[in-house]
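Working notes, beginning with the structure itself.
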Amino acid sequence: MNWDQLLSITKQLGQGFEFTVGIFFFTILFSIPLGLLIARGRMAKNPVVSAIFSIYISIMRGTPLMLQLLLVYFGPYYIFGVSTGSIEIGPFNYRFVATVIGFSLNYAAYFAEIFRGGIQSMPNGQYEAAQVLGFSKMQTYFKIILPQVIKRVLPSVTNEVITLVKDTSLAQVLSVTEMFTVAKNLASAQVSVMPFIVAGVFYYVFNALVEFGMNRLEKSMSYYS
Amino acid sequence: MSVLEITDIHKSFGDLQVLNGITLHVDEGEVVAIIGPSGGGKSTLLRCATTLEQINSGSIRIGGIELDYKNKKSLAEIRNKFGLVFQNFNLFPHFSVRRNITEALISVHGKSKEEANAICDSLLDKMDLTAKGDAYPCNLSGGQQQRVSIARALATSPEILFFDEPTSALDPELTIGVLNVIKELAREKMTMVIVTHEMSFARDVADRIIFMNGGVIVEEGPAAELINNPKQERTRAFLSGYSD
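Top to bottom, those sequences are chains A and B.
Taking my numbering, the leading residue of the first sequence gets 869, the next gets one more, and so forth.
Taking my numbering, the leading residue of the second sequence gets 360, the next gets one more, and so forth.
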């Protein structure tokens, strides 16, 4: 093992890392708003609506993410006969798109339960004060409730986000050339564990940055208790 | 003219009848204190009057507007007519004192930031909180927080102000500042309905006292008279528990 080899491993993993970051970024982008919607559905007064969302959450949390990814990828073809090979959204092929869909659907379920806990922990007095002051339902939600809920759920959200960084490696089942897939291929080609160690460093540094960012965010909301 | 007209309202929670035909009219500039044992319906009456609970029958008018739960516009109008001060303040913890007071002015009443700030400054002055505009509720004492919540309720110039046991969550030495503020408002002829356990305060500040028990008004009369010479046996029994 020499420096050139290490540099070449790092470079190749770096290319896979772009996909890792992509999966991470898009999953966060879609799963958080989706999680908020699912949380609302789960808390719906209508028992049928609430039951539907609660079953959704139960299935998403109760089955392996890897299996869900395979279903999203192969499901359209095997169940509906829809060929997905030619689907492309911008620069992304269906492997990548399916990965993001699978991750988003799965993580939204976890986020939904975190948000539900946060929303239900809000004292009723906050709603009542907003109501008598004349705030609309939307204003109450976005100005009064949500900002406080975000502060309350942030530590749990950080947990999920850190798990997501590591979970991106599951995309290998759809042969997305994210970092872990690349590391595995390199390791078997070079008969060396070095690619795994470098990949580990990548994941760790990524998560250290995530942790730093989330801590900053938490601090920025610590002006009140 | 009556600012508040509550006529024969009934309210039950399931099988529990909490308000059993309450009629209460409050005139402009009048201060009415509501006293009585816990569970007697005082707070429920206040919550019904402030739209936080729906009545089963009867009618409520505030500032000439009839309460109609199905009519969203009239609900919004009626909420403009009153202010409510909660026992637990219910300030918005993530807003500064200033924003607690100005937010409704700006985003509900369409006032400009400058107008809202001017109103806020004069209210902070009045509440003896001049330097506290940029503080957050968690940095204030309970008494200060309650004065902020009074300022918040006053900001939109309501025609009537409701207080739900405004000093019950405060340490005794912190109640004085809050009670003084309410006395000052009474001197300015603010129309107020105050649910309270502070008998001497009720006697001093109120024009009229209502004694409630079992979901009905047992006795009402001029403040000093009701406290000093209660006519009903139940009122006497209740007041004898407060020997100040």
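Even for Gly, the Cβ is constructed at its ideal location relative to N, Cα and C.
Residue of the options minimising C-alpha distance to residue i
i         : options                                  : result
A/Glu996  : B/Gly573, B/Gly373, B/Pro531, B/Phe448   : B/Phe448
A/Tyr1009 : A/Gly890, A/Thr1026, A/Val1021, A/Met990 : A/Met990
B/Phe560  : B/Asn572, B/Glu543, B/Val575             : B/Glu543
B/Val391  : B/Lys472, B/Asp566, B/Arg593             : B/Asp566
A/Ala1095 : A/Leu1042, A/Ser972, A/Gly890, A/Ser922  : No answer is possible for residue 1095 of chain A: the residues shown for chain A start at 869 and end at 1093.
A/Leu933  : A/Asn961, A/Ala966, A/Gly970             : A/Gly970
A/Tyr975  : A/Pro959, A/Lys1005, A/Val1033, A/Tyr941 : A/Val1033
A/Ile1012 : B/Asp487, B/Ala512, B/Gly469, B/Asn459   : B/Asn459
B/Glu584  : B/Phe597, B/His468, B/Arg593, B/Ile568   : B/Ile568
A/Pro1015 : A/Ile987, A/Val1000, A/Phe1048           : A/Ile987
B/Lys485  : B/Arg438, B/Val537, B/Lys432             : B/Val537
B/Ser402  : B/Leu598, B/His556, B/Glu579             : B/His556
B/Gln413  : B/Arg457, B/Lys370, B/Glu473, B/Glu425   : B/Lys370
B/Glu578  : B/Gly417, B/Ile553, B/Lys432, B/Ile381   : B/Ile381
A/Ala912  : A/Ser972, A/Ala980, A/Leu1054            : A/Ala980
A/Leu874  : A/Phe983, A/Glu1086, A/Ala966, A/Gln1058 : A/Gln1058
Assumed close pair residue i, residue j - CB separation to whole angstroms, cut-off 8 angstroms
i         : j         : result
A/Val1044 : A/Phe887  : 6 angstroms
A/Leu938  : A/Val1041 : 6 angstroms
B/Val564  : B/Ala545  : 5 angstroms
B/Leu363  : B/Val554  : Rounded, the Cβ-Cβ distance is 14 angstroms, inconsistent with contact.
B/Leu488  : B/Val467  : The Cβ separation is near 22 angstroms, so there is no contact.
B/Asn572  : B/Gly395  : 5 angstroms
A/Met1089 : A/Val1029 : Contact doesn't hold; Cβ gap of about 16 angstroms is too wide.
A/Ala1039 : A/Ile891  : 6 angstroms
Pairwise C-alpha distance: residue j and residue i
i         : j         : result
B/Arg562  : A/Gly993  : 29 angstroms
A/Ser1004 : A/Tyr1091 : 26 angstroms
B/Arg595  : B/Gln503  : 34 angstroms
B/Phe570  : B/Ile541  : 20 angstroms
B/Leu483  : B/Thr534  : 18 angstroms
B/Ala490  : B/Ser455  : 12 angstroms
A/Ser1145 : A/Phe894  : Past the edges of chain A, shown from 869 to 1093, lies residue 1145 of chain A, and the structure says nothing about it.
B/Asp493  : A/Lys1019 : 20 angstroms
A/Tyr978  : B/Pro517  : 44 angstroms
B/Ala528  : A/Val917  : 39 angstroms
B/Ala512  : A/Arg929  : 45 angstroms
9 angstroms Cβ cut-off: residues of chain D touching residue i
i        : result
B/Tyr495 : Any reference to chain D falls outside this structure, whose protein chains are A and B.
Classification of residue i by the beta-carbon crowding that lies within 10 angstroms, buried from 16 upward
i         : result
B/Ser397  : exposed
A/Ala919  : exposed
B/Lys590  : exposed
A/Gln936  : buried
A/Pro1023 : exposed
B/Thr366  : exposed
B/Met360  : exposed
Three Cβ pairs or more, each shorter than 8 angstroms: is that satisfied between the segment 505–524 of chain B and the segment 435–446 of chain B?
yes
Decide yes or no for the touch test of the segment 873–892 of chain A against the segment 940–959 of chain A: beta carbon pairs closer than 8 angstroms, at least 3 of them.
no
Is the number of C-beta pairs between the segment 1020–1033 of chain A and the segment 1065–1082 of chain A that are closer than 8 angstroms three or more?
yes
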